Amino acid sequence: MSNLLPPIGHALRPARFGVRFSKLVRQRETGLLLLIVLTCVVVGIKDIHFLSCEVWREILVRCAATAIVACGVMLVVVTGEIDISVGSLMALLAAVMGRMISEHEWDISCWIGIPATLGLGTLIGVFTGCLVSVGRVPSIIVTLGLLTALRGLTTLIMGGQNIDRLPEGLTQLAKQGLCGVPLSILAAVGVIGLTSVLIHHIPLGRRLYALGSSAESARMAGLSAVRLKLFVFGYTGFLTALATIVDVPRLPKIEAGIGSEFELLVITCVVVGGVAISGGHGRLSGVLLAVVLMTMIRPVLTFMDIGEAGEKWTRAIQGMFILLAVVTDSFFLRRQRSSGGEHTA
Amino acid sequence: MNSKSQAGNAFSFSWWHETVIGVLLLVVLLVAGWLVPGFLKPHSQLLLSRHLWEFAILALGMTLVILTGGIDLSVGSTMGLSAVVFGCVQTSTGSLVAASLSCLATGLCCGAVNGGLISQLRLHPLIVTLATFAAYRGIAEGWSQGNSYSRFGTNFSSLARGSWFGVPLPGVIFCVMAIGFAVFLSNTPNGRFLKAIGHNERAAKFSGIAVERIRFWLYATSGLLAGLASLIYVARFDTAKADVGKGFELDVITAVVLGGTSISGGRGNILGTLLGLLLIHETRLFVSRYWRSDELQWIVIGSLLILAVLAYQLIARKPRS
Amino acid sequence: MTTAEAVIQIRGLRKSYDGVHALRDINLDVAQAEIHAICGENGAGKSTLIKMLSGIVRADTGHITVSGTQLLTGSVQASESLGIAVMHQESAAFPHLNAIENLFVGRELTRCGGLYLNHIAMKSQTERLLQRLGVSVDLRVPVGELPLAQRQMVALARVLSRNCRLLIMDEPTASLSNRESQTLLRIVQQLQISGVTVLYVSHRLDEVFQIADRVTVLRDGRHVATHRIADVDRQQLICDMVGRSIEEQHRPRAHATDDSAVILDVTQLTRCGVFEDISFHVRAGEILGLTGLVGAGRSEIARAIFGIDEFDEGEVRVSGRKLKGGSVQDAMASGIGMVPEDRQHEGLILPMSVGENLSLAMLRGLTHWGLIRRRAERDLTDAQIRDLSVKAASSRIAAATLSGGNQQKLVLGKWLARKPKVLILDEPTRGVDVGAKSQVHGLIRNLASTGMATLLISSDLPELLALCDRLLVVRNGRIVGELQGRTATQEAVLSLALPDAAGLQLREAQQ
Amino acid sequence: HDSSQTTGTSGETATASAGSHKLRVALLPKIKGISYFSSCFKGAEEAAKELGIDLIYDGPTDGNPRKQAEMIEQWTIDGVDVICVAPNAPDVVASAMQEARAAGVSVITWDADGTAESRSFFVNQASAQAIGEGLVNAMLEDLGPDTEGDVVIISADATSENQNAWIETMKPALAKSKLKLATIKYPGENASNALADSQDVISKYPNLKGIFGISSVSFPGAAEAVEQSGKGGKILVNGLSTPNDMKKFVQNGTVRSFILWHTVDLGYLTIHVAKALAAGELKPGATSLKAGRLGELSIVGDNVMLGDILVFTKANIDQYDF
Ligand SMILES: Nc1ncnc2c1ncn2[C@@H]1O[C@H](COP(=O)(O)OP(=O)(O)OP(=O)(O)O)[C@@H](O)[C@H]1O
Ligand SMILES: Nc1ncnc2c1ncn2[C@@H]1O[C@H](COP(=O)(O)OP(=O)(O)OP(=O)(O)O)[C@@H](O)[C@H]1O
Ligand SMILES: [Mg+2]
Ligand SMILES: [Mg+2]
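Chains as they are written, first to last, in my numbering: chain A, 1 to 345; chain B, 1001 to 1321; chain C, 2001 to 2511; chain D, 3001 to 3322.
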């Protein structure tokens, strides 16, 4: 008898009209893209220079470091953890790198200094992961601790002096770049590609999402939470080191305050990009759009020429942008709320 | 952040965290008392405690917020905005009462906006308060144009500088409130509901708990407390400016999670928060007075946070079956 | 059957949780290609045994041998490498991942030497498996958004996708309706033919008698007996499980009279795209059943009435008073209580204590000057634990440590404490053992006789037929028929519940 | 008071004979760990060694004035003899300083002044007036007094008191010239933002002639932006900084001149003033003070004057090392 029965499930429900469309509208990316385009149009009308290649080249260069680190932090958030120590880590790595390779300091060769910096970043990341997974200290606590501790350590290492005179080759690569493409952009493209492949095509990426979706089920499926967490934190540490290497030489000098509020920026990009704070869900495209949007705000304000008094509202406008970005899609979600579901991220 | 369903058991001792933090606090006090002369003198302790109270008041609200699995990153910025409103109203009307009331009201409004966005639009608290963290500070900066208001008179500053049997007035205010919050948390239905929401919001809703309404008032309360903290801060320094309360949010969260309130919600109490606050405060005093090095203070506080929770995990948690 | 043939040998297995003995000295042999059922009351230790076999829980003492190799308990990998596949009691799905991803987590199909995911192969395998199970699941939708039954089928597919030699199933049919259960049982039998050994835990004795070769009964963590299924009858089995014989009540209760007051009155309730034009009423003392296939929308109707979900049109009245839509508080204030379907996520707050869970829904009634009266609270919870005979060491332990059935009793107790006028029960006996089930049935009857109006949603047709005065059948979010409890038959219900083509066939066949 | 436990960061000066009372001076910078104050500390250390003073150097690494107040209170309790404060927000630290004075501690300010009643002397290196006008004048000098065009100020935060005070004095000075103040940017104490804002204003204002970078972060940021844009020499950058930090930009021509005072001397003088005050050599109403290698310095009212602002150019920058 049962062979005659149609399959249960979807066939039972009348197809909902416009399901596809509503799904598209509900995606965070749509809202972000809309916001970016709209802003560009408005600013473009006010001052067409804003849409010039040079301006966007600079904006993309600024995006690069954030995008690189956001790729890592996004994976951390996807596994249900969080990392708010990237800014301090960046400062520490910049200090150590500066000490090692700057002409005024130990003047070690770049060929040793840069791999060493990458290694140190990865190592600290893995150490964080260790505390989180083996020590079972909640990641917010570990990284909150590191946020303060590493900042102090950086000040100690810098000893009140700034470091400049990084090797000429490195600063040239960072500023002018290879064939006109700055180093940070190259690195960002590489990292984005790598992360995207990791997420979509490598078993490991899948498992990160699985772990974030349900730690208990992951345990039952025999996944090793310890290894996965070591990986994401290590990866984030590595990417932070990479971002430091490609971005810091662009700056005039290395000082103890480098990367201040960077963690906040990265986390903002990750959550505005639609990654679920509770883990298990998040798309790279959303995060990248959010990075562009958040980086755009400062130049937008400059090009809108809001005047001296207006400049003091900068932060307020930044806050409004964040809200706007997340409210657009939750506005569409509103109709669909049901059964006391969890918060949208 | 995902480990909500940890099994407890019949004979477990549920105060491990408080014990660990308490012991650490004692160790710090003893070491400091031994190494820094006069460290334990009640007079100096009370005098130096004045930097604690604003944090402590904020921490009460933050404990409740974190208990429900939320977070409020905007408290520092709310303080800034409240302070600016205080300054504006005071300079334009000359009335301290009106200014104080509008300061508190601003705090409440800021909190209510957070609460409204979180409960009505169902946005994650982290996102909302990350946005208002920037927005409130920005509004304060824009409104005041970066200027500061000061000279509110000695009457007003005695609100923060006065004392009651040697205890600074803000301390007295805090103690009363702390007792109130502790009773609220452990002995009233709403306190129990907060924990329920923190553990499992969905089930809380199915149990008839008005999750959204509680959320709303929770964040509003947190804002109100920020307004109060701002008032005390302004009174203490006799200055109201947009940068009041900068960086407070992270310090407060540090104290609360150090005090054992679970960041994923459901677990935590006022005693723990109090111990967390004291531990951080005393450690900072000790490092600052013994080594005279601010950067070392950062390092020590950061490591302390990690080590304390690690110690708790090692001592109180049995290895997984 | 000598032990030599046994695939699994369990010797002296023990496990205790902080003094609570979950298992004591279990010895068990399972033969090759046998379907071995495990029965027992709630909390007897069935899930614990299975968790040990699957490597999630480490045994205190004792050992398990699988095909001659000793199994290292406490390691999922070790169990997997011995060909053990498990379908756990509480769904072990990844809610954010889609069906394909769920199926292959941890052992993804890859190309290029294990580096690259083989999306195509995984998709086609998933489709094949789900087709074999007779379900159509949207492969793009995150599993968390699928109905429970579909989730369960995905979990089954996950297990099948692994070429296991030993399949362990912990109450796989608890959230399935009759039809899907039959599909599942058929598949289990097919597996047996292909040489797979199956350990099957269930509270549904019918199923046990239908497929099992042998049955083992556990009670209080002890091994009581192992029977060949041919050698044992239902009464004997029940007697082994509960230690006494209980009379299963199949006789309908004395029905409510038609002139008692209407308590719950639902008119033209509609939630766009989910259910439409739902109208019915429940009288005092009446038990109204709501049945249909899984996914028909019964739970959603219940949720809308209780105010968890908002509805678009229509109204709900309790004793004449109109409810505000979408407000649980209002529904509770007018006397509605609801036992939700998913006890782990909706019914209980697992990390909180048994007592706190029991008093949660009526805490406001236990206050004095706004403060909770501890004494009154304890009395209340102790009484509930006693009345429902919840198996818990104390009211202070976390609800998470209770066995599935006992957790279900907690949810019931939480609402019964409020003495509601209307009680909505969504699958109240899912995963509840026979003894407790008849106890729950007794409770429902008693409460009805005191004048409570009950709306009972269940996929267990015999249960509905035994309890209900009237039965409403829901199909595709609409009420398609009403049957009298006295005269209804399983066939009649099914013919209404099944979707059009198949149902028509059945309806014709009946005439 | 027992002082044997307090070893300052300058550990080497803290040892010495335990019995005899050694003067304890606490030097509080606005921000610890930035090169400006580190160079002040160098001078202070030198003076401390010279005078046999137990020097405590500590301050908030994040420039938080609340922390400054906290430190002043701690030092008061610990019975330090003199506290030298560089207040980051005069109102916030005022009451702590007053309390310290009430407890018998001598309090002076340096680098930036506090409220008049909270300190006895101010070691004045330059007034806000002098700094603001100095910046504008240096810019005008480099550009030529008749240059027309836009200038932009890159400040720190909108709430930074020092920067705001300088801006207030720069505005009238700019108004007198033909330069137009196009906008003021507030990148905070963030190097990336400072660089970004500078780049943006360069693209936004085609007629931009000069950028004032008036914080330790925004000055090099602006210079870097101009250099990267290839408009070095066309857009001039000016600001306050230690010479070591800007040498690179002066040498490659991006920065033609910038101003500062002799920071090492500032620290050196501060300690001398502290010592003189504690020893009773310096009394209200004094008109001059002998400060070691700096010689005789004048006192105007309660301000001890360090001397003129230095203007650094390619010609003289190599003479300085701080
Ligand atoms: N993590 C745990 N901590 C403490 N006690 C536990 C834990 N897990 C199970 N128990 C206890 O062990 C006993 C056996 O539980 P188990 O889940 O194996 O029962 P079960 O036979 O599967 O029951 P059900 O039919 O209700 O699912 C119960 O008394 C239960 O309370
Ligand atoms: N065909 C479908 N397409 C999309 N969503 C569905 C479909 N069927 C069910 N759902 C969703 O699955 C969930 C569960 O369905 P529902 O609870 O209404 O089924 P039910 O009739 O109560 O059956 P049961 O209680 O036995 O699971 C609902 O959230 C519903 O939106
Ligand atoms: Mg079980
Ligand atoms: Mg249902």
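All C-beta atoms, glycine included, are put in the ideal place defined by N, C-alpha and C.
Note that the coordinates shown come from a computational prediction; the quantities given were computed from them, not determined experimentally.
I want to check one thing, is the minimum distance from the CB of residue i to the heavy atoms of ligand 1 below 8 Å?
i       : result
Y2017/C : yes
D2060/C : no
K2391/C : yes
G2404/C : yes
T2048/C : yes
D2312/C : no
V2201/C : yes
G125/A  : no
T2519/C : With chain C running from 2001 to 2511 in the structure shown, residue 2519/C is simply not present.
Q2089/C : yes
Answer with buried or exposed for residue i, where buried requires no fewer than 16 other C-beta atoms within 10 angstroms of its C-beta.
i       : result
T2487/C : exposed
I2038/C : buried
F48/A   : The identity of residue 48/A in the sequence shown is Ile, whereas the question assumes Phe. Result: exposed.
E2286/C : buried
F1165/B : exposed
K2409/C : buried
C2272/C : exposed
P3206/D : exposed
Q2152/C : buried
V2066/C : buried
K3204/D : buried
Please compile the residues from chain C whose C-beta is within a distance smaller than 8 Å of the C-beta of residue i.
i       : result
H1281/B : Here the premise fails: no neighbours, minimum Cβ distance about 31 Å.
G280/A  : F2094, P2095, H2096, L2097
R1202/B : H2345, E2346
Chain B partners of residue i, CB-CB under 9 Å?
i      : result
S133/A : Neighbours of S133/A on chain B: none; closest Cβ ~12 Å, over 9 Å.
Which residues of chain A have a Cβ atom closer than 7 Å to the Cβ of residue i, listed in chain order?
i       : result
P3220/D : P252, K253
For residue i, return the contacting residues in chain D, with the cut-off set at a CB-CB distance below 8 Å.
i       : result
Q161/A  : S3035, S3038
A1242/B : A3158, T3159
W1298/B : T3061
Since I believe residue j is in contact with residue i (beta carbons under 8 Å), could you give me their beta-carbon distance rounded to a whole number of angstroms?
i       : j       : result
L75/A   : G121/A  : Not a contact, Cβ separation roughly 15 Å.
G2405/C : R2219/C : Contact flag wrong, Cβ pair sits at about 13 Å.
Counting contacts by CB-CB distance shorter than 9 Å, is residue i in contact with chain F?
i       : result
P2340/C : The chain labelled as chain F is not found among the protein chains of the depicted structure, namely A, B, C and D.
Report the neighbours of residue i on chain B: residues whose CB is nearer than 8 Å to its CB, in chain order.
i       : result
T2367/C : T1188, P1189
S330/A  : L1121, R1122, L1123
G2308/C : Here residue 2308/C turns out to be Ile, not Gly, going by the sequence shown. Ordered by position in chain B, the residues that pass the 8 Å Cβ test against I2308/C are K1205, F1206.
Residues of chain D with CB closer than 9 Å to the CB of residue i, please, in chain order.
i       : result
D1294/B : K3032, G3033, D3058, G3059, P3060, T3061, D3062, K3067, M3071
What in chain C is Cβ-close to residue i, meaning under 9 Å?
i       : result
A1210/B : S2327, V2328, Q2329
Query raised in the report: What residue ranges within the segment 2055 to 2099 of chain C form continuous beta strand (DSSP E) runs of no fewer than 3 residues, ordered along the chain?
Result: Correct list: 2061 to 2066, 2069 to 2071, 2084 to 2087.
Query raised in the report: Which ranges does the alpha helix (DSSP H) cover as unbroken runs of at least 4 residues, wholly within the segment 1129 to 1204 of chain B, from first to last along the chain?
Result: Complete alpha helix (DSSP H) runs here, min 4: 1154 to 1161, 1169 to 1187, 1189 to 1199.
Query raised in the report: Considering only residues of the segment 2380 to 2454 of chain C, which uninterrupted alpha helix (DSSP H) runs meet the minimum length of 4 residues and lie entirely inside it, listed in chain order?
Result: Segments of the alpha helix (DSSP H) lying fully in the segment 2380 to 2454 of chain C: 2404 to 2416, 2434 to 2449.
Query - Start-end ranges of the beta strand (DSSP E) lying completely within the segment 3202 to 3273 of chain D, minimum 3 residues - result: Runs of the beta strand (DSSP E) inside the segment 3202 to 3273 of chain D: 3208 to 3213, 3236 to 3239, 3257 to 3260.
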